[in-house]
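This report refers to the structure that appears directly beneath it.
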Amino acid sequence: RQEFIRNTIKYLRKYKFDGLDIDWEYPEIDKDRRIFSLLIRDYRLAFQKESLLTNRTRLLLTAAVAAYRPKIEISYNIKEISPFLDYINLMAYDYH
Numbered sequence: 103r104q105e106f107i108r109n110t111i112k113y114l115r116k117y118k119f120d121g122l123d124i125d126w127e128y129p130e131i132d133k134d135r136r137i138f139s140l141l142i143r144d145y146r147l148a149f150q151k152e153s154l155l156t157n158r159t160r161l162l163l164t165a166a167v168a169a170y171r172p173k174i175e176i177s178y179n180i181k182e183i184s185p186f187l188d189y190i191n192l193m194a195y196d197y198h
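Spelled out as structure tokens, the structure:
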């Protein structure tokens, strides 16, 4: 996971992105749900560390999540991930 995060930061900086939006559809078992929470936490901590070490603006971290409440409840631990995200984007399309 750490190597993946390091490579992501290099890519984001190289191509002058201002952050990362993670769209994980959908972690539905407890293990995957927990891994997603850890991934979000680790990204945020790495973004903060990279910002301090390089004196650059911290990269933004956002997540695109399901808009359907039952799907949210089985897919994400919002209390775990929300402190580490700058924004949470609801995928509120195709509801017609």
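Heads up: the sequence shown begins at 103 in the numbering used here, then just goes up one per residue.
Glycine residues also receive a C-beta, built at the ideal position from the N, C-alpha and C atoms.
- Annotation for residue 183: 139 and 142 place their beta carbon closer than 6 Å to its own, counting only its chain and skipping 5 residues before and after.
- Under the 8 Å Cβ criterion, the stretch 155 to 167 counts as touching the stretch 113 to 129, having at least three qualifying pairs.
- The residue from 109, 196, 191 and 193 with its alpha-carbon nearest to that of residue 149 is 109.
- Remark: C-beta atoms of residue 136 and residue 177 do not approach each other more closely than 9 Å.
- When secondary structure is reduced to three states using DSSP, residue 194 falls in the coil class, being assigned neither helix nor strand.
- Beta-bridge pairing by DSSP links residue 124 to 165.
- Within its own chain, the residues whose Cβ lies closer than 6 Å to the Cβ of residue 111, once the five positions on either side in sequence are excluded, are 152, listed in chain order.
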